[in-house]
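Chains as they are written, first to last, in the working numbering: chain A, 601 to 792; chain B, 96 to 374.
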Amino acid sequence: MQYRLTTPVTREDLAPLRAGDTVLLSGTVYTARDAAHKRMMELLDRGERLPFPAEGSALYYVGPTPERPGEIIGAAGPTTSGRMDAYSPRLLDLGQAIMIGKGVRNDAVKEAVVRNGAVYLAALGGAGALMAASVKGLEMVCWEDLGCEAVRRLEVVDMPLTVILDPQGGDLYQSGPAAYLADLERKQKSCL
Amino acid sequence: MRTVSAAEITAAVARLCIRANTCLPEDVDRALERAYFTEPWPLAQGTLDLLRQNRDRARACSLPICQDTGMACVFVELGQELHIEGNFEQAVHQGVRQGYGEGFLRKSMVADPLRRVNTEDNTPASITVRIVPGDQCAITVVPKGFGSENMSRLGMLKPADGVEGVKKFVIETVRLAGPNPCPPIVLGIGIGGCFDKVAALAKHALLRPLDQPNPDPFYQVLEDELLEEINALGIGPQGFGGRATCLGLAIETAPTHVAGLPVAVNVSCHVTRRATVVL
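Listed below in structure tokens is the structure:
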């Protein structure tokens, strides 16, 4: 199934999504990698507010290349999400609804996804030129000293994503390869 | 004696950094095409097509293929009859500084592994020099992304583990990596030597074009078998499931100690980049 979603999203918006579905995401998406996540945790520890409204928000784990003059953004594919595992459950419990990245998440993140009715979506790893095409606006939010790791606000239109972790506990990194191998086995048996 | 100036080396390295990051090498390009046309799983074929579109858009718009424009690994084959005028290493670093600046490439280097302050110009380069006969200087720039680099592994196996032990270690590495290194992946595999040598072999193996088999028939068979077994794992493009888990792999070997069997697997991705020039 393909879904069109616009941020901020509600739990109800995400409820029908299943691992393997595709999503065309529009609206505001914030960028943050490890260094920015660490600073967000420090803010929360001090009882301060996050640099963006958490409720229904989408975070994209990306460190884009510098934009050339006249362009909105450089190449902007996802980084490996596992480096954010230590931080994500806390943000999901605060209302963050969508994580965008690539690669395996740990059990704590999977549980937080189910607990909060959130989703983890994959952008195409290593496809920085293609992912950048859906970014229509960019604004610096904070921590410019982090360079490519600073928090930016992106306006995206129809960003092509794939559901990896869904609110029902589905995980495409398990079910996708399993489905392919089962199909292969079925075909081999029918050849015998 | 022929002379090449430091300025010529800087200019060449700068150009190579930009070219490597925007144009996929022809052999990797062909491997991606082959993977697309032979992929039996429709979902996976769709994903491979998106990777092809990304490659085309990067080339058409002179955009980096991937936003992780990497650590600049620079391999130099330096003719022993060539004189370099000026500081060779500084010339290479300056080339990286220039290329990553002028090419709007990402600056991904931190000066210290624990204190982690960005050097802001992607230097230093990781430079490997080999002295060879002749009076030429061949420079290859390999921008190495860390999504895949982080999935690399090194094992000090026992001689009794033999070829089966090596295969098991390589397959296990691919399994553990799963979707993280942006499959379809490319593997550089080192076997033999000592602790540091085996890692260098694995990295150097990534320089070999994917359609060029190992010159030793024994290792050619091992390469074919490994590729077959990896592409039977089902991980598929992006880890979504499918046949195309690995585009190609290369093994490099070195003599080793009677007591050891070192193995290293350097994991790379579908954006395995390299560009070469001969001065």
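Don't be surprised by glycine CBs; every beta carbon is placed ideally from N, CA and C.
Quick caveat: nothing in here was measured; it's all calculated off a predicted structure.
Asked                                                                                                                                  : Found
Contact set between His299 of chain B and chain A, taken where Cβ atoms lie within less than 9 angstroms                               : Simply none; closest approach about 22 angstroms.
Any 3 or more C-beta pairs closer than 8 angstroms across the stretch 331-351 of chain B and the stretch 129-146 of chain B            : yes
Endpoints, the alpha helix (DSSP H) within which His299 of chain B is located                                                          : Phe290 to Ala300
DSSP beta-bridge partners of Cys277 of chain B                                                                                         : Note: Cys277 of chain B sits in no beta bridge, so no partner.
Where the alpha helix (DSSP H) containing His637 of chain A begins and where it ends                                                   : Asp634 to Asp645
Any C-beta of chain A under 8 angstroms from that of His365 of chain B                                                                 : yes
Cα-Cα separation, Val709 of chain A to Thr631 of chain A                                                                               : 18 angstroms
Boundaries of the beta strand (DSSP E) in which Leu80 of chain B is found, first to last residue                                       : What the structure shows of chain B is the stretch from 96 to 374, and residue 80 of chain B is not part of that stretch, so it cannot be assessed.
Alpha carbon of Asp207 of chain B to alpha carbon of Pro219 of chain B, nearest angstrom                                               : 11 angstroms
Neighbourhood of Ala729 of chain A by C-beta, 6 angstroms cutoff - its chain only, sequence neighbours within 5 removed                : Ala675
Nonlocal neighbours in the same chain, by C-beta distance under 6 angstroms from Gly229 of chain B, ignoring five residues either side : Gly174
Selected residue, minimal CA-CA separation from Met601 of chain A, among A:Gly627, A:Leu617, A:Glu612 and A:Gln788                     : A:Leu617
Stretch pair the stretch 245-264 of chain B + the stretch 179-194 of chain B: three plus CB contacts closer than 8 angstroms           : no
Expected contact under 8 angstroms - CB spacing of Val108 of chain B and Val169 of chain B to nearest Å                                : 7 angstroms
Minimum length 4: unbroken alpha helix (DSSP H) runs contained in the stretch 191-246 of chain B                                       : 241-244
Cβ distance (whole Å) where Thr665 of chain A is taken to contact Phe199 of chain B below 8 angstroms                                  : 6 angstroms
Residue-chain proximity (Leu702 of chain A, chain B), Cβ-Cβ < 8 angstroms                                                              : Note on identity: in this sequence residue 702 of chain A is Lys, with Leu being the wrong assignment. Yes, contact with chain B.
Assigned exposure category for His352 of chain B - 16 Cβ within 10 Å defines buried                                                    : exposed
Lys263 of chain B, DSSP secondary structure in three states                                                                            : helix
N-terminal and C-terminal residue of the beta strand (DSSP E) that Leu328 of chain B is part of                                        : Looking at the DSSP string, Leu328 of chain B is not in any beta strand (DSSP E), and its letter there is neither H nor E.
Residue range of the unbroken alpha helix (DSSP H) whose run includes Thr680 of chain A                                                : Element bounds for Thr680 of chain A: n/a, residue is neither H nor E.
Inter-residue spacing [alpha-carbon to alpha-carbon] between Thr268 of chain B and Arg248 of chain B                                   : 7 angstroms
Reduced DSSP category for Gly701 of chain A - H, G, I as helix; E, B as strand; rest coil                                              : strand
CB of Arg150 of chain B within 8 angstroms of CB of Leu119 of chain B, strictly                                                        : yes
Span separating the alpha-carbon of Glu324 of chain B from that of Thr610 of chain A                                                   : 43 angstroms
Closer than 8 angstroms to chain B by CB, Thr665 of chain A                                                                            : yes
Separation of Val360 of chain B from Val265 of chain B, as counted between CA atoms                                                    : 7 angstroms
Partner residues on chain A for Lys331 of chain B, Cβ-Cβ distance less than 9 angstroms                                                : Note that residue 331 of chain B corresponds to Gly in the displayed sequence, not to Lys. Per Cβ cutoff of 9 angstroms: Gly776, Pro777 and Tyr780.
Alpha carbon of Arg147 of chain B to alpha carbon of Gln696 of chain A, nearest angstrom                                               : 33 angstroms
Given 8 angstroms, three or more beta-carbon pairs between the stretch 277-286 of chain B and the stretch 294-313 of chain B           : yes
Inter-residue CB distance, Pro274 of chain B and Val704 of chain A (contact presumed, cutoff 8 angstroms)                              : 6 angstroms
DSSP bridge partner residues for Glu739 of chain A (one or two, in chain order)                                                        : A:Arg753
Contact check, Arg369 of chain B vs Leu328 of chain B, beta carbons under 8 angstroms                                                  : no
Residue(s) in a DSSP beta bridge with Tyr660 of chain A                                                                                : A:Thr631 and A:Ile700
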